[in-house]
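Heads up: the sequence lines are chains A, B, C and D, in that order. Going by the numbering used here, the first sequence opens with residue 3, and the numbers climb by one from there. Going by the numbering used here, the second sequence opens with residue 475, and the numbers climb by one from there. Going by the numbering used here, the third sequence opens with residue 3, and the numbers climb by one from there. Going by the numbering used here, the fourth sequence opens with residue 2, and the numbers climb by one from there. Single-structure report; data block below.
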Amino acid sequence: MILKMKKEDLSAFLETVKEWGELWGPTRKGERVAFERVEALSQMDLKAARTIIPPKKLLYPPRFTMFDFDDEGYVERTGDVPNRILFGIHPCDIHGIQIMDTMFLEEYKDPYYAERREKTLLLGHSCIPDEKCMCFATDTEFIAEGFDLFFTDLKMFYLVWVGSSRGHDLVRMKPELFSRDIGKDDILNYTEYRKWKTSQFSANADFTGMPDIFELGYDSSILDELAEKCLSCGQCTMVCPTCNCFNVVDEVELGSVEGTRDRFWDSCMFREYSLVAGGHNFRDKRVDRLKLWYTHKLQAYIGEFGEPACVGCGRCVATCPVDINVVTVANALREQEVGK
Amino acid sequence: MKTLEVVPLARVEGDGGITVTLDGKKVKKVTLDVHEGPRLIEQLVRGMKPEDDVNVVPRICAICTLSHKYAALRGLEKALAIDPPEKAQLTRDLMMLGENVESNSLHTYLLALPDFLGYPSAIAMLNDYGDDVKRALRLKKFANHVMEVTSGRIVHGENPGLGGFGKYPSKKQLSEIALRARELVPDAVRAVELFASFEYPEYPEVDTNFMSVNAPNKRFGLAGDTILISKGKETDAEDYRKLTSERVVPHSFAKRSDYKDKSFAVGSNARLINMGERIEGRAGDLFKEHFSDRWLKNPLFNNLAQAIEMTWALEQMPEATEKIAALEDPKRTEATRDTGSGTGAVEAPRGVLYHHYEVKDGLIEVADIITPTAQNLDDVEVHMKACAERMLADGRGDDELLPALEMIARAYDPCISCATHLVTLKRL
Amino acid sequence: MRKLCVVLEDREVQDNPYKPEMWRIVRRYPLTNDVNFFQARSVDVDQALRMNYLPGQFVMASVLGEGEAPFSISSTPSRPGLLEFCIQRVGTLTETLFSLKENQTVGLRGPYGNGFPIDKMEGKDILIVAGGLGAAPLRSLLLYVLDNRDRFGDIAYLHGARTPGEMLFREEFLQLKERDDLNCLLTVDKDDTGQWPERVGMVTDLFKELGGIDAKNTYAAVCGPPVMYKFVMQRLVKLDIPKHQILMTLERRMKCGVGKCGHCAIEYLYTCIDGPVFTYWDVLHMKELIGKGVSSDVIA
Amino acid sequence: MSSPKIGVYGFTGCAGDQLMILNCENQLVDLFGATEIRSFSMAKSDNHEGELDVAFVEGSISTEEQLEHLKDIRKRAKMLIAIGTCACWGGPQAMKLEEGGFEKRYKGVYGNAKITVSKAFEAQPVDAFVRVELKIPGCPIDKSEFLGAVSKLVAKRHPYLYRFPVCAECKWKENPCILWEGKFCAGPLTKAGCGAVCPSHNMPCVGCWGPTDDLNVGAEYNLLKEKGYGPDEIVQKMKKFGGAGVAKLVKEIKPTAKEKEANK
Ligand SMILES: Cc1cc2nc3c(=O)[nH]c(=O)nc-3n(C[C@H](O)[C@H](O)[C@H](O)COP(=O)(O)OP(=O)(O)OC[C@H]3O[C@@H](n4cnc5c(N)ncnc54)[C@H](O)[C@@H]3O)c2cc1C
Ligand code: SF4
Ligand code: SF4
Ligand code: SF4
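Here it is in structure tokens:
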């Protein structure tokens, strides 16, 4: 279902749906763009290309408690998650959440992710690509499903895709703001918009044939050259919408048998990640870790699911201080040369 | 009731000791020794960029970390001709108020009070003075919070930098501080009342000099560009060397200072003696009520001075936070030259702290740091010696002498990483 | 045929796959100087019934306040009730496990992993090659095939240890030698006791004593230290056992056991759900492992 | 469970770590309840030396007298834990470790005057002299990291400290990267545990937790050089806190292929 909404009505709409839960959206403070809890549309920056951390932080916080325990056993800590409406997420991030859903909601469903996912409504928003966006190369620049509502900004008005029954419920909270009256001009407008968006990309990204190119170039020294530059800082994994690795530790309370089992974001770029007891490390060399990361994103996942585990959001491009990212790695492998 | 938090605060000491050498009834020597290992920080920062120096020098002392940071910033900003924005200045003032309350509350209530009340430690006071111990902890916790909000963390915060702050406290944080500061004023006043109610023994009384930084605009404050010497006399902070001729003594890794061959005192006492009349509000009234000529001779009054000062600091906070909140967050000011020299003088809780720098082509060539405890050491020895002599003449025994001397040493609030309270008597 | 395989529906019984259930340690005693035998019984009977597993599967074991780690089940599902493990003391969690007394509890969840493909192995000859701690999962397989003796062809069990003192389940295996429906060959690298009744030498030397095997009809299961794999694989390939009938278990760091934490991933395979049992053919495709001992020589 | 006997000792440093222990207002009661604090001279005067289960040692070692004391503590303690970056790595006073020049610097401060208290030498971390079971770094230590480790010890469990760099925590806090702006940040070289306080205040990490397990000092060096920093300045910035640990690492910095080319 696609509806139409006047742009000036958005604020009122968000004000209404806030009744259902906390409103979250992209905010800017200097260089920092982040999804934060807001009170009104005016606090959001809908023009920003991307937040530093993707919306995964709301579904899967950097560190949280899984269980409380005492000497009787473990009791899961769930149930304290508020309802949230996440406004302003872009198609790439919704694709990212879909990949996370596959990870966490299918076989062995993760109750922590599931709870937050269940309580978070996704209200997408169209975006203006910048020079780092490469969703055109991963086929994630548009989105057809996975959201509750999706707002496409066509300058004069919004086209609003209703993607779920819960999205529809939101519409029903303020039906007078929406119309079904879509005419020929609107369709033309939308076609123009798609063309315009497609013409905006400038990143030099091309992932075609990646699985084979990876296979062929796996042992090439090009990857060693890149790895020599890698700081092992792990920023790339923290900002990637499809990175889901975690570590688990137990904490105990001082002088007591009680404690918590906590879980926090880990990174395959860290040495400890593949370290096993006795000191053996399956990926002691930085290049082995780099290979794991990039085979996972650009090869293995394609082999398994037919699409890369990269949604083209450009975060690794915007984050890695030494320019190691899906684009530079793919190009280096293809051209057998580390680009400038 | 279970309020055991005070236990560890019973005694704070550093690595060192006081040695009193007696020969019959005569005092041969009183020395305050510092065994704390040497760190040579001034030498280490040579060749460093100023921005790196301000990370390193606060590590001289965990209790006065912000004073070191501020003194270094002042010295280096002068050297590099940086004029920090007003909001930065105000926020620095606030952070200094925080450090002042933290240190003064700890020292008055938890370290000195047991001495005056005749308890071995603050924990021992719990039964009879439990409320006071709780007051102390309240004040200290709040002051730590002020330091954390302004400087980034409780100890060695890196938020204050050259030309300004990395991040300014939020309006919400500021208004919370204002509110809490108002609530806590009575706790500070109570300390004043307690210390004003004691009899101060005459044994340690000796005339001495007092030095303190002269706060600008005829106000009471904790930083400035000139130094006041025993009221009246004023010297530019850049001439700090004339005020504090430093020397090394064989029994200590801490250097000593004197002024014109005579000892002098710095600290709350000195600040109030030199500038106390400028204080307004409740603290001003308290000062007028309790100040007397005996303050000029007897270091034990330092505790009373600290309590009054703590009241002042709390009273300042609401206005300080309002001013900060009213301003937009400015960018940090950049250096306008890369060669120059400057001396930063601030009032650390225990007295004047100097950081002098000479910078050449963007690198530090000379760093000279003079800590308040170093300046006080001679004065501590002078007063202890006088006290010991008089008490011995009066036929007092070692068991009375020892605590009396400890009490004097502690009254100066010697910084824990440079000096201590432990007294040993050595009979020849 | 009895269905032992843990299927999806069973898994969903556990609504929080990370949640350990409490089990009581009923016995714990040393097998060697750094390996202990643990026997555990579920505190909750239903839980014990749910714990139907395959040889080669593992559980995640928790000690309160210390953490969690994967351990192969050493007992056989053909003797239900108690779970058995043999655990080597190598790090933090294992050290704390060794400090637990009988009757104290541990948290267990599982079983996880694919286990050995029992269905496919039925009717075939079975060749088991164990080295060191590799005997932990292989004991489960061995006991299972022996308990279901009529459903398998010839069975050979080859086991190497460094010294007699370091051989896990030494007495148990020596006793198995008595059986004439099993070719049980035991060897030690070095006999430091002078009392060792069996062979001295490498596991690979035992292959000489196997006699002729019907390679195409044989499933080989191998588990042991990395160096052993290298040589044993060469032998097995030389014997002409098809590479997809050579089974090996891989070990990786694990934090969840259910394919979420990422640590055990090798390319797109997760050791915890796609493994830990892999065929040699699978492993030959793992680029990460090529050139790292396991498979290099065979490719060359 | 009998409560472990604990001692807390301070050597050359700022006493900040002991102060942080005292600043754990809310947990102090528990700490004193769950353990038997035999010696903690900064906190109390009735100190009993003797056998210890755990000795916490703050500060670097820089005089003969301290060294004797340290060895004595080691002898009495089942477990010795270095707390704070000075004890773990040497701290700021060890930043010139392995560069020589101690005598000169000593004279620069004390001139030729004789100090009889004890003989001084260049400050070094505790593990340069005795075995250390665990390092809890930080300048000063972080309350929760410290208490987390102590709670585990009291419960007879193994403490777990983050082994990855500050950058991880920095990203958890969603800060823009300072290196990206072309400015120095020691985050990638520094062990996490502080919560990335400095980058969260828009200030670069100065490295006060000391080096982390896994870092690429060469890569950071090259990156900063590309951004216009001079070689000496980079090394100096890296060495501010990490003392012995970083001194070893900077030796590994090798010229890049490009530099080698240029030098030819
Ligand atoms: C499928 C599988 C089956 C195993 N079966 C057995 C067995 O039957 N007996 C036995 O003694 N050991 C077995 N191991 C190895 C065992 O898991 C490790 O020895 C154990 O994790 C060491 O934990 P630790 O806390 O003592 O070591 P530490 O070095 O302190 O490790 C800390 C944590 O890292 C992880 N970790 C470290 N080493 C390993 C490793 N080798 N594998 C997986 N995670 C690791 C764990 O989460 C562990 O708790 C098995 C491993 C796997 C993957
Ligand atoms: S690839 Fe870049 S972001 Fe990732 S760990 Fe290496 S340096 Fe850090
Ligand atoms: S700002 Fe510093 S700590 Fe944060 S990610 Fe960048 S390099 Fe790491
Ligand atoms: S960010 Fe770096 S400098 Fe700041 S506290 Fe953490 S470790 Fe220390």
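Ideal Cβ placement from N, Cα and C applies to all residues, glycine included.
Asked                                                                                                                                                                                                 : Found
Rounded to the nearest angstrom, how far is the Cβ of Gly136/C from that of Ala156/D, given a contact under 8 angstroms?                                                                              : With a Cβ gap of about 34 angstroms, Gly136/C and Ala156/D do not count as contacting.
DSSP on Asp128/D, reduced to helix/strand/coil?                                                                                                                                                       : helix
Closer than 7 angstroms by beta-carbon distance: list the chain D residues that pair up with Val856/B, in chain order.                                                                                : Per Cβ cutoff of 7 angstroms: no residues; Val856/B is ~21 angstroms from chain D at best.
Identify, in the order they occur along the chain, each residue of the same chain with its Cβ nearer than 7 angstroms to the Cβ of Leu144/C, setting aside the five sequence neighbours on each side. : Ile130 and Tyr159
So is Pro141/D in contact with chain B if we call contact Cβ pairs under 8 angstroms?                                                                                                                 : yes
What is the C-beta distance between Trp26/A and Phe89/A, in whole angstroms, given that I count them as a contact (C-beta under 8 angstroms)?                                                         : 7 angstroms
Any beta carbon from chain D within less than 8 angstroms of Gln45/A's own beta carbon?                                                                                                               : no
Whose C-alpha, out of Pro139/C, Val205/C, Thr251/C and Arg255/C, is nearest the C-alpha of Tyr55/C?                                                                                                   : Pro139/C
Quick one: does Arg34/A have its CB under 8 angstroms from some CB of chain D?                                                                                                                        : yes
Whose Cβ in chain D lies nearer than 7 angstroms to the Cβ of Gly136/C?                                                                                                                               : Those do not exist, as Gly136/C stays about 27 angstroms from chain D at its closest Cβ, beyond 7 angstroms.
Looking at chain D, is there any beta carbon in it that lies within less than 8 angstroms of the beta carbon of Cys235/A?                                                                             : yes
Less than 7 angstroms separating the Cβ of Pro189/D from some heavy atom of ligand 3?                                                                                                                 : yes
Using the three-state DSSP reduction, which class does Arg117/A fall into: helix, strand or coil?                                                                                                     : The amino acid occupying residue 117/A in the given sequence is Glu; Arg does not appear at that position. Glu117/A: helix per DSSP, three-state reduction.
Using beta-carbon positions only, say whether Gly314/A and Cys137/A come within less than 8 angstroms of one another.                                                                                 : yes
On the DSSP bridge assignment, give the partners of Arg111/C in chain order.                                                                                                                          : Met62/C
Using a Cβ-Cβ cut-off of less than 9 angstroms, list which residues of the region 15 to 45 of chain C approach chain A; keep chain order.                                                             : Gln16, Asp17, Asn18, Pro19, Tyr20, Lys21, Pro22, Glu23, Met24 and Val45
Compute the Euclidean distance between the alpha carbons of Asp183/C and Asp156/C, then round it to the nearest angstrom.                                                                             : 7 angstroms
The alpha helix (DSSP H) that contains Ser625/B, what's its start and end?                                                                                                                            : Ala596 to Ser625
Put Tyr583/B into one of helix, strand or coil per three-state DSSP.                                                                                                                                  : helix
DSSP puts Asn24/D in a beta bridge; with which residues?                                                                                                                                              : DSSP output for Asn24/D lists no bridge partner at all.
Glu173/C CB to nearest chain F CB: under 8 angstroms?                                                                                                                                                 : The displayed structure is made up of protein chains A, B, C and D, and chain F is not among them.
Quick one: list the residues of chain A neighbouring Lys153/D, beta-carbon separation under 7 angstroms, in chain order.                                                                              : Val254
Using only CA atoms, which one of Leu208/C, Gly112/C and Ala217/C lies nearest to Met308/C?                                                                                                           : It is not possible to answer for residue 308/C, since the shown part of chain C is limited to 3 through 302.
Less than 8 angstroms between CB atoms is the rule here; does Tyr220/A satisfy it with respect to chain C?                                                                                            : yes
Between which residues of its own chain and Leu899/B is the CB-CB distance below 7 angstroms, once the five residues before and five after are set aside?                                             : With a pLDDT of only 39 at Leu899/B, under the threshold of 50, the placement of this residue in the model should not be trusted; the figure read from the coordinates follows. Once the five neighbours on either side are set aside, the close Cβ partners of Leu899/B are Val494, Leu496, Asp872 and Leu876.
Ignore the nearest five residues each way along the sequence and tell me which others in Thr46/C's own chain have a CB closer than 7 angstroms to its CB.                                             : Position check: residue 46/C holds Asp in this sequence, whereas Thr was assumed. Within the same chain, Asp46/C has close Cβ partners Glu23.
To which residues of the same chain is Lys49/A closer than 7 angstroms at the C-beta, ignoring the five residues directly before and after it?                                                        : Ile130
Whole angstroms are fine: how far does the CA of Val164/A sit from the CA of Gly148/A?                                                                                                                : 10 angstroms
Return the bridge partner residues of Arg285/A from the DSSP annotation.                                                                                                                              : Answer by DSSP bridge pairing: none, since Arg285/A is not bridged.
Answer yes or no: the CB of Met256/C versus the heavy atoms of ligand 1, is any distance below 7 angstroms?                                                                                           : yes
Who are the near neighbours of Ala163/C in its chain, counting only those whose CB is closer than 6 angstroms to its CB and skipping five residues on each side?                                      : Met169 and Val190
Kindly examine ligand 2 and report whether one of its heavy atoms sits closer than 7 angstroms to the Cβ of Met271/A.                                                                                 : yes
Who are the near neighbours of Glu253/D in its chain, counting only those whose CB is closer than 8 angstroms to its CB and skipping five residues on each side?                                      : Val218 and Gly219
Can you have a look at Val202/C and say buried or exposed, based on whether 16 or more other CB atoms are within 10 angstroms of its CB?                                                              : exposed
May I ask you to report which of helix, strand or coil DSSP gives Trp283/C?                                                                                                                           : helix
Under a Cβ-count criterion, where at least 16 other Cβ atoms within 10 Å of its own Cβ denotes burial, should Tyr114/C be classed as buried or exposed?                                               : buried
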